[in-house]
Amino acid sequence: MIFVCFIHYISSDITARNQQEMAELSKVAFLMLITNVLSQNGKARNVTLSPGCEHVLVPEETILQTFKQSIIFCSLQCVQDNKCLSIQYKYKDKRCTLSNHTVAFGCRNLTIDFDVYHFEEPCLNGGYLNASGRCKCVDGWIGMRCEKLMTNCVEGVPYGHELGLYHAHPVGAAAPVRVFCSIAGRIAVVRRLTVNVVTDFNRTWADYKKGFGRLPNEMWLGLDNLHYLTRQLRYRLITYIWIKNNTWFRGQHLNFMVSGEQSNYVMNYSRAMYNVNNTLGDSMADMNGQPFSTYDRDNDNATDRNCAAEYGGGYWFNACGQCNPTGPIIRPDTGYRLNVTNEIFWTDHLGDLAPFRIYQFLYYDGKW
């Protein structure tokens with residue numbers, strides 16, 4: 020059972036036309052204290068008068084059904100129908116219209132009829148009202164009414180979308196994508212953190228283009244998504260690598276960008292940045308300006324080798340390179356590399372030390 024409340028806001032310029040209407044509105048207010056129903060999704064839904072759009076008519080093509088009943092019955096019908104996003108109610112003849120229309124984006128172009136009242140959920144897409152009466156958005160939705168998806172993890176920070184899996188719709192992307200966000204709007208590019216679950220990164224061009232893996236700890240974000248995200252905001256690529264004793268090392272590449280598929284996702288960065296302690300060397304230096312390569316799409320500069328096929332994973336290989344972040348993770352007992360080509364490695368600073376885990380993510384480099 021869930022609690023469903025119907026709240027009617029009546030401002031100084033919105034008054035009931037007669038005592039009968041006022042009585043109906045009082046019933047609605049009282050209903051929030053006594054009504055319990057079971058919704059299809061098991062979540063509470065609130066139906067409120069739409070501020071600023073109190074008397075609009077919904078477009079005819081959005082009407083789900085129309086019938087004559089009380090406002091209470093009308094509201095209950097909407098709450099129990101997941102397709103219903105709003106109610107149009109005409110008190111004179113008790114005519115209820117259920118609609119899949121929302122005025123989340125305004126009602127400027129809609130017809131006004133002062134004989135009807137327009138109600139709808141204040142929070143969309145699974146959002147709910149918090150104690151302060153504001154919408155708490157979930158799963159990457161943002162906005163005053165949770166009416167749009169965030170385009171990146173940075174946009175989600177003010178809405179509490181800072182640690183976990185969310186949906187985002189990067190500008191230019193054909194469809195939303197599942198992303199792992201962490202503190203301060205970080206977006207995971209590569210996460211290879213699970214010891215007993217190994218994801219094969221020796222994938223096709225199509226896989227690397229779209230993204231793959233077991234979220235959240237074994238994944239590749241996708242080249243298309245990298246392109247859309249890095250052309251929208253300024254990021255640095257941060258790399259964390261852990262070795263056998265769980266010591267970590269960090270590297271940073273500023274102004275990290277990835278071009279589109281028409282140029283084979285060329286990667287560029289302005290410079291590497293070093294910290295005093297636990298710093299990774301710049302094993303990506305010879306990859307700067309390189310297109311992406313996979314075993315079935317060889318774009319590297321090696322004339323007699325296919326670096327992606329040889330290294331066991333796709334990346335921005337030159338000929339072939341000083342690092343292999345997507346190569347097989349072997350985790351030797353000695354803690355040192357086997358010195359074979361198809362293993363993960365990062366030679367600058369780590370030398371023959373074998374990476375046991377790796378995490379690369381985009382970090383927003385702009386002003387908050």
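Plus 19 on top of the position in the sequence shown (first one is 1) and you've got my numbering. Built from N, CA and C at the ideal position, the CB exists for glycine as well.
Checklist entry - Quick check: the stretch 259-273 against the stretch 323-337, are there 3 or more CB pairs under 8 Å? => result Contact fails: fewer than three Cβ-Cβ distances are below 8 Å.
Checklist entry - So, do the stretch 182-190 and the stretch 207-214 have three or more beta carbon pairs nearer to each other than 8 Å? => result Too few Cβ pairs lie closer than 8 Å, so no.
Next on the checklist: Give me, in chain order, the residues of the same chain whose beta-carbon lies closer than 6 Å to that of glycine 204; leave out the 5 immediate sequence neighbours on both sides.
Outcome noted: For glycine 204, the CB contacts under 6 Å within the same chain, skipping 5 residues up- and downstream, are Cys172, Val173, Val176, Tyr383 in chain order.
Next on the checklist: Could you compute how far the alpha carbon of alanine 194 sits from the alpha carbon of asparagine 297?
Outcome noted: The alpha-carbon atoms of alanine 194 and asparagine 297 are separated by roughly 39 Å.
Checklist entry - Rounded C-beta distance between threonine 249 and valine 277? I'm assuming under 8 Å. => result About 5 Å separates the beta carbon of threonine 249 from that of valine 277, a gap short enough to meet the 8 Å contact definition.
Item to check | Residues near cysteine 154 in its chain [Cβ-Cβ closer than 6 Å; skip 5 each side] | outcome: Counting only Cβ-Cβ distances below 6 Å, and skipping sequence neighbours, we find Cys142, Gly146, Arg164, Cys165.
Checklist entry - Taking the runs of the beta strand (DSSP E) that are 3 residues or longer, which of them lie wholly in the stretch 284-359? => result Within the stretch 284-359, the complete beta strand (DSSP E) runs of at least 3 residues are 290-292.
Checklist entry - Three or more beta-carbon pairs under 8 Å between the stretch 244-259 and the stretch 372-386, yes or no? => result Touching, yes, given that three or more Cβ pairs across the two stretches are closer than 8 Å.
Next on the checklist: If contacts are defined as beta-carbon pairs under 8 Å, then arginine 269 and asparagine 294 qualify, I think. What distance do you get, rounded to the angstrom?
Outcome noted: Taking C-beta atoms under 8 Å as the contact rule, arginine 269 and asparagine 294 qualify, at a distance of about 6 Å.
Next on the checklist: Checking 8 Å against the spacing of the C-beta atoms, do glycine 179 and methionine 169 come in under that value?
Outcome noted: It is not a contact, given that the beta carbons lie outside the stated cut-off.
Checklist entry - Which value, in whole angstroms, describes the spacing of the CA atoms of threonine 130 and valine 77? => result Roughly 8 Å between the two C-alpha positions.
Checklist entry - Within this structure, are the beta carbons of arginine 350 and aspartate 371 separated by less than 8 Å? => result Against a cut-off of 8 Å, the Cβ pair of aspartate 371 and arginine 350 comes out as no contact.
Checklist entry - Which partner residues of serine 105 appear in the DSSP bridge assignment? => result For serine 105, DSSP records a beta bridge to Ser118, Glu139.
Checklist entry - Is glycine 146 near the ligand MG, judged by its Cβ being under 7 Å from some heavy atom? => result Among the components modelled here there is no ligand, and therefore nothing to report on the ligand MG.
Item to check | C-alpha distance - arginine 1 paired with cysteine 97, whole-angstrom precision | outcome: Past the boundaries of the shown model lies residue 1; the chain is included only from 20 to 387, so the question cannot be answered.
Checklist entry - With asparagine 361 and proline 347 assumed to form a contact (beta carbons below 8 Å), what rounded beta-carbon distance in angstroms separates them? => result Between proline 347 and asparagine 361 the Cβ distance is about 6 Å, and since that is below 8 Å, they are a contact.
Item to check | Cα-Cα separation between proline 235 and glutamate 139, rounded to whole angstroms | outcome: Rounded to the nearest angstrom, the two C-alpha atoms are 35 Å apart.
Item to check | Contacting residues, own chain, Cβ-Cβ under 7 Å from lysine 109 (five flanking each side not counted) | outcome: Cβ contact annotation for lysine 109 (same chain, cutoff 7 Å, sequence separation greater than five): Asp134, Val135, in chain order.
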